[in-house]
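J.:
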Amino acid sequence: MLAEIKNVSKTHESNGNTIQALDNINFSVEDNDFICIVGPSGCGKSTLLRIIVGLERPTSGEVLFKGEPISTDNPKVAMVFQNFALFPWLNVTENIELVLEPLELRGKKAENKACKYIKAVGLDGFEKVYPRELSGGMKQRVGFARALAVEPVLLCMDEPFSSLDALTSQNLKDELLMLWADTSMPPDAVIMVTHNIEEAVYMANRIIILSPRPGKVVADLRIGLERPRNRKDPEFYRWVDKVYSLIV
Ligand code: ADP
């Protein structure tokens, strides 16, 4: 077992209001899991992901990674953000090298590692380019390269395609699935938050459905479709309908 989400509940306090975002979430993450977390807007998907990577603390319950409590500085867990979260004053290579510093990777070693993952995401030739010169899709490629460069065991992604246009997003999904199919590449498991059900059925081998706030697990489905998946396949649509039917 890679990670365990145990009895996780979360209550946010803001301006004197108390909002219960998550209610007693339990599931475990195994090697080779590609989990999509879906649910209605505001049900706590992002909160759950932030707790899993250690960016937020649960109000009660815990997240264990390989049996130990998760911490933000765990290099074996990486995150890809919806808005890319790149540093505008650093070029592509420098954005990636920054996350390698805590791993004691500097100089030529860091540059080589950054270049390996820049190439893996199809950005060779853009090593010295600054984020402002890149399209949204290219920025997110840097986001993937940066997350993969730490060679994480668990990759967490929060709506990584939702700020991209349809075609760019589809290309990037297919490329990410190709990297996922390459067993010589990290990670061993993925958790992705999405509000897009078709995207979840296209990518995941497991879909966890949350209820409206406070988010509770209402279903944990194994998607048995072969890869590469075909959106026109009636079986694909049966899965999409099933997930829709479980979302309130
Ligand atoms: P989702 O990702 O499913 O749309 P979120 O996890 O972003 O949901 O939010 C769940 C609920 O918690 C929402 O009602 C949101 O407004 C609230 N929330 C999220 N983060 C905070 C915060 N830092 N402070 C107060 N409320 C928050």
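According to the working numbering, the stretch in the sequence shown is residues 885 to 1132, in order. No residue lacks a Cβ here, since even glycine has one placed at the ideal position from N, Cα and C.
Have a look at Arg-1097 and Val-1085 and give me their C-alpha separation to the nearest angstrom.
T.: Arg-1097 and Val-1085: Cα-Cα distance of roughly 23 angstroms.
J.: Are the CB atoms of Pro-1015 and Leu-970 nearer to each other than 9 angstroms?
T.: Going by C-beta atoms, Pro-1015 is nearer than 9 angstroms to Leu-970.
J.: On the three-pair Cβ rule with 8 angstroms, is the stretch 1019 to 1038 touching the stretch 975 to 995?
T.: In short, these stretches touch, since the Cβ pair count reaches three.
J.: Leaving out the 5 sequence neighbours to the left and right, which residues in its chain are closer than 8 angstroms to Pro-1036 when beta-carbon positions are compared?
T.: Pro-959, Lys-960, Val-961, Ala-962, Pro-1070 and Pro-1071, listed in sequence order.
J.: Tell me which residues share the same chain as Phe-1120 and place their Cβ nearer than 7 angstroms to its Cβ, disregarding the 5 neighbours each side in the sequence.
T.: Result list for Phe-1120: Val-1085, Leu-1109, Arg-1113 and Asn-1114, in chain order.
J.: Along the alpha helix (DSSP H) that carries Ser-1053, what are the first and last residues, could you check?
T.: Counting along the chain, the alpha helix (DSSP H) containing Ser-1053 begins and ends at 1050 to 1065.
J.: Excluding five sequence neighbours on each side, which residues of the same chain lie with their C-beta closer than 6 angstroms to the C-beta of Glu-888?
T.: These residues qualify, in order along the chain: Ser-912 and Leu-948.
J.: Can you tell me whether Arg-1025 is buried or exposed? The criterion is at least 16 other CB atoms within 10 Å of its CB, across all chains shown.
T.: Buried.
J.: Would you kindly work out how many angstroms separate the C-alpha atoms of Leu-987 and Leu-1094, rounded to a whole number?
T.: One C-alpha to the other measures close to 35 angstroms.
J.: Looking at C-alpha atoms only, which residue of Leu-1060, Lys-890 and Asn-967 is the closest neighbour of Pro-953?
T.: The option with the nearest alpha carbon to Pro-953 is Lys-890.
J.: Would you mind reading off the limits of the alpha helix (DSSP H) that contains Val-976?
T.: Counting along the chain, the alpha helix (DSSP H) containing Val-976 begins and ends at 976 to 984.
J.: I'd like the span of the beta strand (DSSP E) that includes Lys-894, first residue to last.
T.: Looking at the DSSP string, the run of the beta strand (DSSP E) that includes Lys-894 is 887 to 898.
J.: Is the closest heavy atom of ligand 1 to the C-beta of Ile-903 under 8 angstroms?
T.: Yes, Cβ of Ile-903 sits closer than 8 angstroms to a heavy atom of ligand 1.
J.: Report, in whole angstroms, the separation of the C-beta atoms of Met-1087 and Lys-1057, which I expect to be a contact under 8 angstroms.
T.: Indeed they touch by this definition, with Cβ atoms about 6 angstroms apart.
J.: Since Ala-1050 and Lys-997 are thought to touch, with beta carbons under 8 angstroms apart, how far apart are those beta carbons, to the nearest angstrom?
T.: No, Ala-1050 and Lys-997 are not in contact; Cβ-Cβ is about 32 angstroms, not under 8 angstroms.
J.: State the Cα-Cα distance for the pair Cys-920 and Pro-942, rounded to the nearest angstrom.
T.: Between Cys-920 and Pro-942, the C-alpha separation is close to 20 angstroms.
J.: Would you mind sorting Val-1132 into buried or exposed? The rule is 16 or more other CB atoms within 10 Å of its CB.
T.: It counts as exposed.
J.: With burial defined as no fewer than 16 other Cβ atoms inside 10 Å of the residue's Cβ, what is the status of Lys-1023: buried or exposed?
T.: Lys-1023 is buried by the Cβ-count criterion.
J.: Using CA atoms only, rank isn't needed, just tell me which of Ile-1081, Trp-1123, Leu-1038 and Ile-903 is closest to Met-885.
T.: Here the closest residue by C-alpha is Leu-1038.
J.: Check whether the Cβ atoms of Val-1074 and Phe-918 sit closer than 9 angstroms, and answer yes or no.
T.: Contact: yes.
J.: Leaving out five residues on either side along the sequence, give the residues of the same chain with a beta carbon under 7 angstroms from the beta carbon of Ser-930.
T.: If we look at Ser-930 and ignore the five residues flanking it on each side, its Cβ neighbours are Asp-1042 and Val-1077.
J.: Ends of the beta strand (DSSP E) at Val-1101?
T.: Taken as a continuous stretch (DSSP letters only), the beta strand (DSSP E) holding Val-1101 covers 1101 to 1106.
J.: Counting along the chain, where does the beta strand (DSSP E) carrying Val-913 start and finish?
T.: First-last of the beta strand (DSSP E) with Val-913: 901 to 913.
J.: Considering just the uninterrupted stretch of the alpha helix (DSSP H) at Met-1076, what are its terminal residues?
T.: Run containing Met-1076: none in the alpha helix (DSSP H); it sits in the beta strand (DSSP E), 1073 to 1077.
J.: Report the rounded CA-to-CA distance for Val-1102 versus Val-1013, giving the unit in angstroms.
T.: Going by the C-alpha atoms only, they are around 45 angstroms apart.
J.: Would you grab the beta carbon distance between Val-983 and His-1079 for me? Rounded to a whole angstrom, and I think it's under 8 angstroms.
T.: With a Cβ gap of about 27 angstroms, Val-983 and His-1079 do not count as contacting.
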